[in-house]
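Colleague: Taking full-length UniProt numbering, the leading residue of the sequence shown gets 1, the next gets one more, and so forth.
Ideal Cβ positions, reconstructed from N, Cα and C, are used throughout, including at glycine.
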Amino acid sequence: MLGWAMFKKLGEDIDAIMARDPAAKSRLEVMLCYPGFHALLFYRLGNAAWRRGWKLLGRFLSHLGRVLTGIEIHPGATIGRRFFVDHGMGVVIGETAEVGDDVTLYQGVTLGGTSLHKGKRHPTLGDGVIVGSGAQVLGPLNVGKGARVGANAVVLKDVPEGVTVVGIPAQVAISRSKQEDAFCAYGTPAGDMPDPVARALDGLLQEVTALKARVVELEGSPPTMTKQASNGRGHAASRDGN
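#1: For alanine 69, report the span of its beta strand (DSSP E) as first-last.
#2: Near proline 160, which residues of its chain fall below 8 angstroms by C-beta distance, leaving aside the five closest residues on each side in sequence?
#3: So, with DSSP's three-state summary, where would you put aspartate 202?
#4: Under 8 angstroms by Cβ, that's how I've got proline 75 and alanine 97 pegged, so tell me the actual separation to the nearest angstrom.
#5: Glycine 65 and alanine 39 - do their beta-carbons sit closer together than 9 angstroms?
#6: Can you look up tyrosine 34 in the DSSP assignment and give me helix, strand or coil?
#7: Here's the rule I'm using: 16 or more other beta-carbon atoms within 10 Å means buried, otherwise exposed. How should glutamine 206 be labelled?
#8: Glycine 150 and glycine 115 - do their beta-carbons sit closer together than 9 angstroms?
#9: Would you mind sorting methionine 1 into buried or exposed? The rule is 16 or more other CB atoms within 10 Å of its CB.
#10: Could you check whether the Cβ of isoleucine 71 sits closer than 9 angstroms to any Cβ belonging to chain D?
#11: So, at 6 angstroms on beta carbons, what are the nonlocal neighbours of methionine 6 in its own chain, with the 5 sequence-adjacent residues on each side left out?
#12: What residue does the beta strand (DSSP E) around threonine 114 start on, and which one ends it?
#13: Give me whichever residues DSSP pairs with glutamine 171 in a beta bridge.
#14: Since I believe isoleucine 14 is in contact with glycine 36 (beta carbons under 8 angstroms), could you give me their beta-carbon distance rounded to a whole number of angstroms?
#15: Are the CB atoms of leucine 141 and proline 123 within a distance shorter than 9 angstroms?
#16: Tell me where the beta strand (DSSP E) around valine 137 begins and ends.
#17: Of the choices Ala153, Gly90, Gly53, Ala77, whose alpha-carbon is the least far from that of valine 67?
#18: Check the DSSP bridge columns for glutamate 98 and list the partner residues they point to.
Here's what the structure looks like:
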């Protein structure tokens, strides 16, 4: 029964690759030529061994998968259905990571831990999450359902459902109300997307402009305080003369 359930999951994984990668021409090509699928195959086997208490066997299968594919998935991680690692080289998924259904990761992604304690220390990704190439998602945080993490982003705090985050540290660039439901390669929409750095620079320029206007206003106003101080010194001098 377990074997059939595992093969059913692997079949769904192949279908997910066919749906999300236009370069995939056939199911046979996916089975023979896609390292993301090979790594997932080793993970499914290693995870089955891990859950039965055969920890060393699970780790060994994970090690074989890493050697053959360059993708490291700890057998203790929890990964849902229809999972796809595209290109894949350099992907790392830690022991306590939890990944929902229909999740896509690209090359160089890390789902890493930031502490040495044995408990939950890796991220949780909701259903339908897309993580772009080179992104680092670190710590026991939550990435909400349908969220997108742009390429090379560094995520250090929870990400709400349905938003796109980019940058270091990652900030919300597109809210859920503006985000399309269609699949988005690399987690970054191809259309116009606000640049958080440019937005910050625009804010600084606006502040500088406002400060300049204030300086001009102050320079053009009558020096009330100066006059009052001068009058005070004049009265004091008169009293001293008397």
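Modeller: Let's see:
#1: One point to set straight first is that residue 69 is threonine, not alanine, in the sequence displayed. Per DSSP, threonine 69 belongs to no beta strand (DSSP E); it is in the alpha helix (DSSP H), 55-69.
#2: Gly144, Ala147, Val172, Arg176
#3: helix
#4: Not confirmed; about 11 angstroms, so no contact.
#5: yes
#6: coil
#7: exposed
#8: Going by the sequence as given, residue 115 is serine instead of glycine. No, Cβ-Cβ distance for serine 115 and glycine 150 is not below 9 angstroms.
#9: Residue placement at methionine 1 is flagged as unreliable, the pLDDT there being 45, under the threshold of 50; a coordinate-derived value is accordingly withheld.
#10: Judged by its chain identifiers, the structure shown contains no chain D, having just a single protein chain.
#11: Arg44
#12: Looking at the DSSP string, threonine 114 is not in any beta strand (DSSP E), and its letter there is neither H nor E.
#13: Val166
#14: Actually they do not touch by this definition, with Cβ atoms about 11 angstroms apart.
#15: yes
#16: 136-138
#17: Gly90
#18: Thr78, Thr124
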